[in-house]
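Engineer: Right, I'll just put the structure down here and ask away after.
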Amino acid sequence: MVSVKRVALAVLIIAVLVGGYVFLGPSGSAGASPDKNAPIQLKLDRESYSPTDTMTLTVVNNGNETVTVGYPFELYREENGEWVKVKLDLMFIQSAVQLGPGKSWSQKIDLAKLGLSPGHYKIVKRVSTRDRTLSVSVEFYIRE
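In this note's numbering, the protein residues as written are 13 to 156.
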């Protein structure tokens, strides 16, 4: 007969795995979601840009706790179905911005400084809460 402790342990492990999958998603990292109720959301002013445009990236705190975000970001380009990190020759202002629940913060990104060729890209930002750091992302296209 199976002991109560083993059953309780199995239930606990399953609950943690399911909870992590629901919160983080199948990729294992919290990402941008079209769900407007996601705790942290990245938004762009457009879906497609020319290589010389300036984009506006907005971090939206839909959660119930204050988060911290800054100017740094990582950029990835989709190549053969995989995301490949783009090497950026940029220096970022090391400034932390506190976003309370329901607040948002925007930054301008001069794409001309990045030298991007046409393709499918995503921006990834790190957003910290009191207990953890999340990676959120949003996708966009560079057109001819």
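Cβ coordinates follow ideal geometry from the N, Cα and C atoms, glycine included.
DSSP puts residue 67 in a beta bridge; with which residues?
Structural biologist: Along the sequence shown, one-based indexing puts residue 67 at 55. DSSP output for residue 67 lists 121 as bridge partner(s).
Engineer: Between residue 147 and residue 139, what straight-line distance do the alpha-carbon atoms span, to the nearest angstrom?
Structural biologist: Position 135 of the sequence shown, counting from 1, holds the residue named residue 147. Position 127 of the sequence shown, counting from 1, holds the residue named residue 139. Near 6 Å, if we compare the C-alpha coordinates of residue 139 and residue 147.
Engineer: How is residue 127 classed by DSSP in three states: helix, strand or coil?
Structural biologist: Within the sequence shown, the letter at position 115 stands for residue 127. Residue 127: coil per DSSP, three-state reduction.
Engineer: Select from 82, 103, 134 the residue whose C-alpha is nearest the C-alpha of residue 96.
Structural biologist: In the sequence shown, residue 96 corresponds to position 84, counting from 1. Closest by alpha carbon: 134.
Engineer: In this structure, how does DSSP classify residue 143 when only helix, strand and coil are distinguished?
Structural biologist: Along the sequence shown, one-based indexing puts residue 143 at 131. Note: residue 143 maps to coil in three-state DSSP.
Engineer: Can you tell me which of the three DSSP states residue 98 falls into?
Structural biologist: Within the sequence shown, numbered from 1, the residue matching residue 98 stands at position 86. Residue 98 falls in the coil class under three-state DSSP.
Engineer: Applying the 10 Å Cβ sphere with the 16-neighbour rule, what's the burial state of residue 152?
Structural biologist: Residue 152 sits at position 140 when you count from the first residue of the sequence shown. So residue 152 counts as buried.
Engineer: Mapping DSSP to helix, strand and coil, what is residue 74?
Structural biologist: Here residue 74 is taken as the residue at index 62 of the sequence shown, counted from 1. Here residue 74 sits in coil by DSSP.
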